[in-house]
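Quick notes on the structure that follows.
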Amino acid sequence: MIELPVVPAVSQPVRKPDWLRVKLPTGKEYAHVRSLVDTHKLHTICESGNCPNMGECWGAGTATFMILGNICTRSCSFCAVATGRPLAVDVDEPNRVATSVKLMQVKHCVITSVDRDDLKDGGSIIWAETINAIRRESPDTTLETLLPDFKGNWDNLARVLETRPEVVSHNLETVRRLTKEVRIQAKYDRSLEALKHISEAGLRTKSGIMLGLGETEEDVLEAMDDLLAAGVHILTLGQYLQPTRNHHPVIDWIHPDQFARYKQFGLDKGFRYVESGPLVRSSYHAEKHLFEM
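Start counting the sequence shown at 1; every next residue gets the next number (UniProt numbering).
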């Protein structure tokens, strides 16, 4: 495992503001999803990413599945997913995910993955097989895929795009000025290029940015312009939350009123849909990004 540098506690605001309070996971539907995830040995970004909306989403009978294991080959300073040497690819994973989607009767399914830079195909074969397996088992289920950048190997990206998911997402995560600090092994322009390939394939294209990492309003507006130039249709903006003291500190707590300003800026600039708020994550209310455009 790669150990990230320890961030002094003094660099992080101590108390979260009241608008970041979330409900604890409870209820019959939450318990049902919890059982399915455990029984079929599935990984969800809801758990691995410490998502604050897990209780709400699982309570509604939905979850974002994370394929290709739960160990990432990258060590981004914002991310709660474990970093290290991944296990071998589980060739049965596509069938297990498809079975669970069918059992859960999911209408709109979100799939994401860790980065698998250790694999020649970047994991794209398992990605394509998972999507195709879900299509076979649940032909009425629509799909959103939150993809890695495949290190700029666009043939691997194309392999996934050929399955034609209804929504394809790749997160920019932060503004240009902070990318080297926040996304250590990623590149701002490479992410924009990935998004351009997705859009040029004629697919509904989506991206997300975390706020509170030290960006300025000017930085955010610049990123919006860059995303629009890359052909992005849907934008999500949410508050960054520090997973542990070893991760990048929260520099600012962004007020809901500022999130509302950013939403209006985005719509005025030309995004077709903007989800903006402190608790927004890339797959939050994902079904709206398909049906309310």
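All C-beta atoms, glycine included, are put in the ideal place defined by N, C-alpha and C.
The structure presented is a predicted model; accordingly, all values stated were derived computationally and were not measured.
Helix, strand or coil: how does DSSP classify residue i here?
| i | result |
| --- | --- |
| F271 | coil |
| L237 | strand |
| L172 | coil |
| residue 300 | The requested residue 300 is not part of the displayed model; the chain covers only 1 to 293. |
| A82 | strand |
| G49 | Low local confidence applies: a pLDDT of 46 at G49 is under 50, so the model's placement there is unreliable, with the coordinate-based value given in what follows. In the structure shown, G49 sits in coil (DSSP, three-state: anything other than H, G, I, E or B). |
| V167 | strand |
| T141 | coil |
| L228 | helix |
| L211 | strand |
| S276 | strand |
| L147 | coil |
| P249 | coil |
| S282 | coil |
| R135 | helix |
| I254 | coil |
| I184 | coil |
| N156 | helix |
| Q242 | coil |
| E129 | helix |
| W19 | helix |
| T216 | coil |
| L4 | Confidence in L4 is poor, its pLDDT being 36 and thus under 50, which makes the residue's placement too unreliable to answer from. |
| E222 | helix |
| A9 | No answer about A9 holds up, because its pLDDT of 39 lies below 50 and its placement is not dependable. |
| E193 | helix |
| A201 | coil |
Closest to residue i by CA distance: which of the options is it?
| i | options | result |
| --- | --- | --- |
| N171 | G152, T179, E137, K206 | K206 |
| T99 | A80, I198, T130, I125 | T130 |
| K263 | V250, S199, D252, V280 | V280 |
| R116 | D155, A229, V106, R74 | R74 |
| M66 | A158, T145, D18, Q105 | T145 |
| G214 | G122, T179, R204 | T179 |
| L237 | K151, A128, S283, I111 | S283 |
| I184 | D18, V160, C72 | C72 |
| H197 | Y240, L221, S169 | S169 |
| L203 | D268, H233, N246, T244 | H233 |
| L68 | G122, D18, R159 | G122 |
| G212 | Y240, A80, D226, T64 | Y240 |
| R15 | D268, G277, D252 | D252 |
| S113 | A82, L147, A80 | L147 |
| T141 | T244, R159, C109 | C109 |
| V89 | S276, V81, S124, V106 | S124 |
| V274 | V91, M104, D189, G208 | G208 |
| P139 | L235, V101, N156 | V101 |
| K107 | T64, C79, P86 | T64 |
| L235 | P256, S35, M210, E218 | M210 |
| R136 | D219, A80, V97, R21 | V97 |
| V220 | R245, P256, R177 | R177 |
| M104 | S191, T39, I254 | T39 |
| I173 | L157, T83, R190, P165 | Position check: residue 173 holds Glu in this sequence, whereas Ile was assumed. Ranking L157, T83, R190, P165 by Cα distance to E173 puts R190 first. |
| D18 | L267, T216, P256, N246 | P256 |
| L20 | D155, R245, I254, E217 | I254 |
Just to check my reading of the structure: residue i and residue j have Cβ atoms closer than 8 Å, yes? What is that Cβ distance to the nearest angstrom?
| i | j | result |
| --- | --- | --- |
| Q223 | V175 | According to the sequence shown, residue 223 is Ala rather than Gln. About 5 Å separates the two Cβ atoms, so the contact holds. |
| residue 301 | V182 | Since the displayed the chain opens at 1 and closes at 293, residue 301 lies outside it and no answer follows. |
| G231 | E200 | 7 Å |
| P249 | Q258 | With 8 Å as the limit, P249 and Q258 do not qualify as a contact, their Cβ atoms being about 19 Å apart. |
| E162 | I126 | Contact doesn't hold; Cβ gap of about 14 Å is too wide. |
| F271 | L228 | 7 Å |
| D225 | K187 | In fact, because the Cβ distance is near 18 Å, the residues do not count as touching under 8 Å. |
| N70 | V81 | 7 Å |
3-residue-minimum beta strand (DSSP E) runs that sit fully inside the segment 64 to 126, ordered along the chain: Segments of the beta strand (DSSP E) lying fully in the segment 64 to 126: 64 to 67, 108 to 113.
Stretch-stretch touch, CB-based, cutoff 8 Å, three pairs: the segment 106 to 124 with the segment 142 to 161: A contact exists between the segment 106 to 124 and the segment 142 to 161.
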